[in-house]
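Comments concern the structure below.
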Amino acid sequence: MTNVKVNSVAKTYGTTPVLADITTEFADGSFTSLLGPSGSGKTTLLRIIAGFIKPDQGLVMIGNNDVTDVPVWGRNIGMMFQSYALFPHMTIAQNVAFGLERRGIRGAEARRQVDRALEMVRLPGFGDRTPKQLSGGQQQRVALARAIVIKPSVLLLDEPLSALDRRLRQEMQVELLRIQRESGLTTIFVTHDQEEALTLSDKVAILDKGRIVQIGEPETVYEKPLTRFSAEFLGDSNFLTGAVEDGAVRLADGSLIKSTSILPATGSTVTLAIRPEKMAIASGSTAENSIKARITTVIYAGPVLSYHLETADGLPLKLFAQNRDGTVLKEGDEISLTWSAQHTVAVAD
Amino acid sequence: MKSLGRFYLIATLVFLYTPILVMMAMGFNESQLYELPFTFSTRWYDALWNNKILLTAGMNSIIIALITSVVATALGTMASVALSRRTFRGKSLLQLMLLPPIAIPWLITGTAMLIFFYWSGIGRGMHALLIGHVALAIPYVVLVVGTGFRTIRADLEEAAMSLGSTPVHAFFSVTLPLLYPSILGAALFAFAVSLDQFVISYFLATPGYTTLPVQIYSSIRKGFTPEINAISTVLLLGSMTVILIFARFAKPGDTRDKR
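Below is the structure:
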């Protein structure tokens, strides 16, 4: 069982820095998602851990071994690609046995392990088919079987589900999680799908411009975003900006907003992030914070009503409300939004 | 619309194959002057069998085409690998320079080769023919194999490497088997380019060593006999057989997997 460490890893292409001094650790048996927009460096980081890209500086450790100078084929990794990357000229069994053969496992023992891996991904008896005879989801399962049958030190997944349609993707998420738990493999998963990252991971790392801006458990990263970017990229967020005053934040319209976050010194400007589902339409009760706004757009999505609003200052806000009693507010309605100080998070810009 | 398409297809095939069929038929006609009525005879095949000059030239052509095919395919495939999978200085220039030879008229290439080979002491003869044909065939090989490369995703090799293959093993176990129809196609292309080649061969051949197209040309100038039809038929059937076998197994243009 193995953990993975990267230490001060940096990579620059020409004059463009792609990764800037990344240091982090992936715990033994954990499932970590690298989440970020394209160009954030998440794929580069994965490919550096895999060994396809050599970092300009820094160390990559798999277990207790420094593998920085070890080529891909000597690292004992299991990798899944976006395009499945099954060998089209081989049968399913030959595909799965490929890595075993490279490790000197052949014949009956190889067949036994291939059968077991195919059972694990719920494709028993598919060994004699060719990749072209399988659906996209089935091909992805074979790719997973091929990656785990070699008992890799680490499982690296490069957006493996992005080519699947929504239903199949959700089904594969469940499978992936089950197999990861059964195998106990340290898993690093690159994705740009925030929901996927939240559902699957023990830890989510949010990358922006070649840096990890936040890493932590999904709840922590979602509930307590550290930066405006984290708050925006993972889920939706409302932002209010004001000046710190008496341990609270004074907005431009004069209202005072309370937050349980640690605020900077009095007088300095601070941005507060509030999740749209944490706000409620005021019904006489006295929550800690409130703001008045006018509804500009109503989006009816069945169980959830999504309102776009605007304050008197022209600040856009969003509100997600549960559709409890079937009342839908109309465009132009003036309402008062309330929320608690606990859900008001100070974030860095 | 469908029947119009069918009509065009049939018309094309008729125009392509009628002259060839007439040519083949006349090889079996008794008359030396292609006179009708048609009288079946193998007379011209007997004559061909005894025409050592024509047979030798035919043999030379096949040998040169075979060697050209093997050498040009090997060199061209290696060039394709480098151009498709590696980055190096001057790559785009090299890529660009590979294509013009296909468009340059053979007459010009041939004249240039003749002058260069004479000046450099390479001279004429079998070796000169081989150099010329290989040089001529390589761009076609690079083109055909390069196209094949584009259908093979680079992440297949990466997948193999992640499973423990060295780059060399990944190439031979994954890329080469997938590339094999393109390589076979390129080899046939190179073979055909060489076998077909008249202009350059005409310049580089010596009186003692000629190829079939050059010899047929000389024979026609001396006097046309249906022996030419006979050897053309033999050659045609030979190359058609090879091409049809290839088409049957490799299905060029078909990207679906064989079931």
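First to last, the sequence lines map onto chains A and B. Under the working numbering, think of the first position of the first sequence as -19, with each following residue one higher. Under the working numbering, think of the first position of the second sequence as 427, with each following residue one higher. Beta carbons: idealized from backbone N, C-alpha and C, even for Gly.
So, under 8 Å CB-CB, residue i and residue j are touching, yes? Tell me the CB distance rounded to an integer number of Å.
i: Val(-14)(A); j: Gly54(A); result: That pair is no contact at about 18 Å.
i: Thr592(B); j: Ile578(B); result: About 18 Å separates the two Cβ atoms, so there is no contact after all.
i: Gly84(A); j: Ala127(A); result: That pair is no contact at about 19 Å.
i: Pro198(A); j: Ser210(A); result: The pair is not a contact, with the Cβ atoms about 12 Å apart (cut-off 8 Å).
i: Leu144(A); j: Gly117(A); result: 6 Å
i: Ser645(B); j: Leu459(B); result: With 8 Å as the limit, Ser645(B) and Leu459(B) do not qualify as a contact, their Cβ atoms being about 16 Å apart.
i: Gly551(B); j: Thr632(B); result: 5 Å
i: Ile669(B); j: Leu614(B); result: 7 Å
i: Leu26(A); j: Val170(A); result: 5 Å
Shorter than 8 Å from the beta carbon of residue i to some beta carbon of chain A?
i: Pro678(B); result: Note that Pro678(B) scores 49 on pLDDT, short of 50, meaning its location in the model is unreliable and no value can be drawn from it.
i: Pro607(B); result: no
i: Thr601(B); result: no
i: Leu614(B); result: no
i: Asp472(B); result: no
i: Ser518(B); result: no
i: Gly649(B); result: no
i: Asp622(B); result: no
i: Leu610(B); result: no
i: Leu604(B); result: yes
i: Gly574(B); result: no
i: Arg579(B); result: yes
i: Val440(B); result: no
i: Thr592(B); result: yes
i: Ser510(B); result: no
i: Ala585(B); result: yes
i: Ser588(B); result: yes
i: Asp683(B); result: Confidence in Asp683(B) is poor, its pLDDT being 43 and thus under 50, which makes the residue's placement too unreliable to answer from.
i: Leu462(B); result: no
For residue i, which option in the options has the closest C-alpha, if you only look at C-alpha atoms?
i: His559(B); options: Lys428(B), Arg579(B), Thr573(B) and Thr535(B); result: Thr535(B)
i: Gly312(A); options: Tyr287(A), Asp329(A) and Leu137(A); result: Tyr287(A)
i: Gly190(A); options: Ile28(A), Ala7(A) and Asn56(A); result: Ile28(A)
i: Pro526(B); options: Leu462(B), Phe629(B), Gln458(B) and Ile564(B); result: Ile564(B)
i: Ser495(B); options: Leu610(B), Thr636(B), Gly664(B) and Met666(B); result: Leu610(B)
i: Gly227(A); options: Ser235(A), Phe219(A) and Thr240(A); result: Thr240(A)
i: Glu99(A); options: Gln120(A), Ala125(A) and Ala88(A); result: Ala125(A)
i: Val625(B); options: Ile528(B), Val640(B) and Val497(B); result: Val640(B)
i: Gln119(A); options: Glu199(A), Thr(-5)(A), Tyr64(A) and Ala90(A); result: Tyr64(A)
i: Ser20(A); options: Pro(-3)(A), Ser10(A), Ile33(A) and Gly9(A); result: Pro(-3)(A)
i: Ser383(B); options: Ser429(B), Ile488(B), Ser645(B) and Leu605(B); result: Residue 383(B) is absent from the model: chain B starts at 427 and stops at 685.
i: Thr291(A); options: Ser316(A), Gly282(A), Gly116(A) and Thr(-5)(A); result: Ser316(A)
i: Ser217(A); options: Glu225(A), Leu295(A) and Leu187(A); result: Leu295(A)
i: Leu206(A); options: Leu156(A), Asp329(A) and Val122(A); result: Asp329(A)
i: Phe6(A); options: Lys183(A), Leu178(A), Lys258(A) and Gln62(A); result: Lys183(A)
Taking 8 Å as the CB-CB cut-off, is residue i touching chain B?
i: Ile57(A); result: yes
i: Arg121(A); result: no
i: Ile168(A); result: no
i: Pro68(A); result: yes
i: Arg130(A); result: Just to set this straight, residue 130(A) is Ile in the shown sequence, not Arg. So, interface residue.
i: Ser63(A); result: yes
i: Val(-14)(A); result: no
i: Arg102(A); result: no
i: Val52(A); result: yes
i: Phe78(A); result: yes
i: Arg83(A); result: yes
i: Gly(-6)(A); result: no
Is the CB-CB distance between residue i and residue j below 8 Å?
i: Ile2(A); j: Ser133(A); result: no
i: Leu533(B); j: Ile490(B); result: no
i: Leu14(A); j: Ile168(A); result: yes
i: Ala232(A); j: Gly247(A); result: no
i: Leu252(A); j: Thr324(A); result: yes
i: Tyr202(A); j: Leu220(A); result: no
i: Leu309(A); j: Ala273(A); result: no
i: Ser665(B); j: Leu621(B); result: yes
i: Phe543(B); j: Ala554(B); result: yes
i: Ser658(B); j: Met485(B); result: no
i: Leu299(A); j: Pro244(A); result: no
i: Val571(B); j: Thr513(B); result: no
i: Asp8(A); j: Asn(-17)(A); result: yes
i: Phe32(A); j: Glu584(B); result: yes
i: Leu135(A); j: Leu165(A); result: yes
i: Arg208(A); j: Val327(A); result: yes
Touch check for the region 646 to 662 of chain B and the region 453 to 469 of chain B: three-plus C-beta pairs under 8 Å?
yes
Could you say if the region 108 to 117 of chain A and the region 68 to 76 of chain A meet the contact criterion of at least three C-beta pairs nearer than 8 Å?
yes
When you check each C-beta in the region 28 to 45 of chain A against every C-beta of chain C, which residues fall closer than 7 Å?
Given the protein chain composition of this structure (A and B), no chain C is represented.
Decide yes or no for the touch test of the region 178 to 192 of chain A against the region -13 to 2 of chain A: beta carbon pairs closer than 8 Å, at least 3 of them.
yes
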